[in-house]
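Novice:
Chains as they are written, first to last, in this note's numbering: chain A, 1 to 80; chain B, 81 to 416; chain C, 417 to 898.
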């Protein structure tokens, strides 16, 4: 999958998890930029992404993510 | 470092010094002021200096004697040098320091309580009181490490800045020892009363036992010897006194600790020709005479001092009649 | 508090002078030497533990550093973390056992302190090093190749006594460029002054009142106990944020600013939000290194997994303070409240979205409710035993014929007159105002551009208030007379 394809699908996931239909993502987006994205809801996001992309992340991989861009690259790596 | 950096850092230090200057001045003002505020020690020092030529009896000891023995009710001119948590070390140090200035001294009362032989002021909750002896009387501190403390030199540090500032607001005229009379007796405020039941007694005993240690027994006994040697050498009578405690307190005293203290004191008394009067259990004292299980209140102090005085006068009269009758009375009174 | 003393003050001044006179490359060394000197002065045996733990973390991090990956790295990381945490747990357990068996046998010093077995600051530096090791293992940062640098991170004396728990990235970034900054030093001094003010003029005074209520709840009315519980929350806030300010301020003197620990927590509108604003360096540490990994591991268990992760996390916060039933209960209380809040969040949000007026009421009441929830949990934190805590809660329920609701004589409540209480509350308001203002850059700028006379006047007022209201240099009294 290309970077933009992943981004588009991931945006859908974000919109659903945080109940914000108009949310837009950038590569540099972090938890600070999205309302409702905190430690309690973070894993909801990971779980939803795992479902959407039909994959499974390790704790080590998730902890290394610094922003949305890293997440997209991780998904790309997983999905080929 | 670049000179502009250095200048700004030096500028900062200069401003810091300028800022601190008024604070330092304020501190010095407080130090000066606190020097004028009476404390129990300064009151005793000053009043004793005025009466030095006439004092015949000096009372030492800790709070039991400080509250419980009234110098004015003793026959002859008496003065109390007792103070809260005063240890044997300071009893002895005070006497050594003052003896040359007490030409008429003929008797010293040395109170012995449950804890007297087992504690040192430097290992006690109220160890800060050591510095009062250093500041007011110039007596040396027992441990070298303590001599480096700010509280040895600074009254503000010793009495806390808060008290010093409060005193400032009272123009340094509020005495820190309003209850102390001009013979050194602490007059317990009428309203204070702390309960005499078993629970309260256990509480008091727990406080005392928390600073009692076997290790201090030897050094304290040595101090007693030194005190006895000095005083008996000058022909001054020594009277060991145990002030009254309430039965609930007495019941909780650990026998092995008290018996060791008591027998040591009795033995020293025999050795040095001193007297030991124990009023530990004194039936003539009633509940309303006590502040708490081991301290008398003002009313109790008056009553007790009368009893003590009667014993001492009987002693003096007997000594003036050196007969077998006097010797028998002497032996009988030694039993606690 | 033994660290507030003339000797510590002189020590800091001496280190500052040497630091400023040293060439830039040696400044970090000065800090390292100072930190170990400070530590040795307090606890020579403890210094060995500090050094040993630092060494373990140092070697383990080098072994697991990326790009190395694999089962061996996982094993090394896991064992090292387990080792460090076991050491910490071991000491905490030993102290808990001693307390339980009544450590009356310990020799008391002249000021009545019984030495704890737990070495100074171990709770903090072990967490720092475990966090560092996990960051390296997870690839978030490279390992530190200089042992001296890592040793400094663990032992940094402004943060060793009671935190804050600074993250390695922040710390090393600052240590790499240690500059002499007069503005920073002045800011640090202001911060230290403010910390002392909070600790002495507010916290220590409140401690008297709160102590009286907890010592004997039965002799106090329900209203008094309620107020005392609120005051304890205020006391904890003033005390700990005061201490944090002193720690951060001290670091600023040397150009190393630690992380904030508090962000106006009493304005939080929910308990989860509260815990993101209270003792932040600890809670964020636990979130990153305990909660998130645990949550990841339990993510297949849905809501139950979330609840469990929250409970474990809050329990950890509780027992981090000490291994006792009351601390654990404190953690559990908060855990249950947090779990309930987290599990019902979406439903509550939906409920309030369609009721704007109710939302406004909620906005006003929410901080009040949150504050009192936290204050209730603190009853457990403060109590001397579970029995005493339960007694406190029982007496919070007003009973007929019990102690009158409001006595005019506050003598029972630690002897503080109503006027004194008013003064404390006023100073607390001033404290919160300053907390708010220092987060607003414009307010800070306004203050710093005031004429020097006014600024210095404010500082003098703070010094005098601290000395006049606080128990600076206080000593124990058996009978209160001089």
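C-beta atoms are modelled at their ideal positions from N, C-alpha and C, and glycine is treated no differently.
Computed from a predicted model, the values in this text were never measured in an experiment.
Do you know whose CA, among C:540, C:802, C:886 and C:722, lies nearest residue 580 of chain C's CA?
Specialist: C:540
Novice: With distances taken between CB atoms, is the gap from residue 422 of chain B to residue 185 of chain B smaller than 8 Å?
Specialist: Absent from the model: residue 422 of chain B. The displayed extent of chain B is 81 to 416, so no value can be given.
Novice: Considering only C-alpha positions, which residue in the set C:475, C:852, C:866 and C:575 is nearest to residue 697 of chain C?
Specialist: C:575
Novice: Identify the contact partners of residue 88 of chain B in chain C, using a Cβ-Cβ distance below 7 Å as the criterion.
Specialist: 598
Novice: CA-CA distance, residue 124 of chain B and residue 306 of chain B?
Specialist: Straight-line measurement puts the Cα of residue 306 of chain B at about 24 Å from the Cα of residue 124 of chain B.
Novice: Note down, in chain order, every chain B residue with its Cβ under 8 Å from the Cβ of residue 517 of chain C.
Specialist: Within chain B, no residue comes near residue 517 of chain C; the closest Cβ sits about 17 Å away, beyond 8 Å.
Novice: Indicate whether at least one CB of chain C lies closer than 8 Å to the CB of residue 62 of chain A.
Specialist: yes
Novice: Would you say the segment 685 to 699 of chain C touches the segment 594 to 602 of chain C, given that touching needs at least three Cβ pairs under 8 Å?
Specialist: With the cut-off at 8 Å, the segment 685 to 699 of chain C and the segment 594 to 602 of chain C do not touch.
Novice: Suppose you measure from the CA of residue 717 of chain C to the CA of residue 43 of chain A; what does that come to, to the nearest Å?
Specialist: 12 Å
Novice: Could you tell me the alpha carbon to alpha carbon distance between residue 796 of chain C and residue 790 of chain C, rounded to whole angstroms?
Specialist: 10 Å
Novice: Kindly indicate which residue of B:100, B:179, B:301 and B:156 has the alpha-carbon position closest to the one of residue 199 of chain B.
Specialist: B:301
Novice: Relative to chain C, which residues along the segment 47 to 79 of chain A have a C-beta separation below 7 Å, given in chain order?
Specialist: 47, 59, 60, 62, 63 and 64
Novice: Just how far apart, CA to CA, sit residue 492 of chain C and residue 498 of chain C?
Specialist: Their backbone Cα atoms lie some 10 Å apart in a straight line.
Novice: Consult DSSP for residue 813 of chain C and reduce its assignment to one of helix, strand or coil.
Specialist: coil
Novice: Is residue 198 of chain B helix, strand or coil by DSSP?
Specialist: helix
Novice: So, helix, strand or coil for residue 528 of chain C, using DSSP?
Specialist: Confidence in residue 528 of chain C is poor, its pLDDT being 31 and thus under 50, which makes the residue's placement unreliable; the coordinate value appears in the next sentence. Correct three-state label for residue 528 of chain C: coil.
Novice: Report back the beta-carbon spacing between residue 654 of chain C and residue 618 of chain C to the nearest angstrom; my notes put them in contact at under 8 Å.
Specialist: 4 Å
Novice: Residue 172 of chain B and residue 319 of chain B - do their beta-carbons sit closer together than 8 Å?
Specialist: no
Novice: What do you get for residue 483 of chain C, buried or exposed, if any count of 16 or more other CB atoms within 10 angstroms of its CB means buried?
Specialist: exposed
Novice: Going by DSSP, name the residue or residues bridged to residue 160 of chain B.
Specialist: B:139
Novice: Beta-carbon within less than 6 Å of residue 377 of chain B's beta-carbon, same chain only, minus the 5 sequence neighbours each way: which residues are those?
Specialist: 268 and 371
Novice: Quick one: is residue 736 of chain C near chain B, going by C-beta distance under 8 Å?
Specialist: no
Novice: Counting C-beta neighbours from all protein chains within 10 Å, is the total for residue 4 of chain A 16 or more, i.e. buried, or is it exposed?
Specialist: Looking at its Cβ environment, which holds fewer than 16 other Cβ atoms inside 10 Å, residue 4 of chain A is exposed.
Novice: For the segment 221 to 248 of chain B, enumerate the residues whose C-beta is nearer than 7 Å to any C-beta of chain C, in chain order.
Specialist: Correct list: 230, 237, 239, 240, 241, 242 and 245.
Novice: In chain order, what residues of the segment 876 to 890 of chain C put their CB closer than 9 Å to some CB of chain B?
Specialist: 876, 879, 880, 882, 883, 884, 885, 886, 887, 888, 889 and 890
Novice: Is residue 335 of chain B helix, strand or coil when you go by DSSP?
Specialist: helix
Novice: Taking the alpha-carbon of residue 445 of chain C as reference, which of C:582, C:774, C:573 and C:732 has the nearest alpha-carbon?
Specialist: C:573
Novice: Return yes when the Cβ of residue 568 of chain C is within less than 8 Å of the Cβ of residue 447 of chain C, no when it is not.
Specialist: Yes, these two residues count as a Cβ contact at 8 Å.
Novice: Given this structure, state the Cα-to-Cα distance separating residue 644 of chain C from residue 838 of chain C, to the nearest angstrom.
Specialist: 14 Å
Novice: Relative to the alpha-carbon of residue 512 of chain C, which residue among C:736, C:853, C:841 and C:877 has its alpha-carbon at the smallest distance?
Specialist: For residue 512 of chain C, the nearest C-alpha among the options comes from C:736.
Novice: In chain order, what residues of the same chain lie with their CB nearer than 6 Å to the CB of residue 824 of chain C, ignoring the 5 residues before and after it?
Specialist: Legend: pLDDT at residue 824 of chain C = 47, less than 50; position of this residue unreliable, no value from coordinates given.
Novice: Going by beta carbon distance, what residues of the same chain come within less than 8 Å of residue 46 of chain A, once the five residues before and after it are set aside?
Specialist: Setting aside the 5 residues that flank it on each side, residue 46 of chain A is surrounded in the same chain by 57 and 62, each with a C-beta closer than 8 Å to its C-beta; the list follows chain order.
Novice: Roughly how many angstroms separate the alpha carbons of residue 350 of chain B and residue 188 of chain B, rounded to a whole number?
Specialist: 16 Å
Novice: Closer than 8 Å is the cut-off here; do at least three beta carbon pairs connect the segment 465 to 478 of chain C with the segment 553 to 566 of chain C?
Specialist: yes
Novice: Looking at the C-beta of residue 458 of chain C, does it have a partner C-beta in chain B at a distance below 8 Å?
Specialist: no
Novice: Under 8 Å, with one C-beta from each stretch per pair, do the segment 656 to 675 of chain C and the segment 582 to 594 of chain C reach the 3-pair mark?
Specialist: Short answer: they touch.
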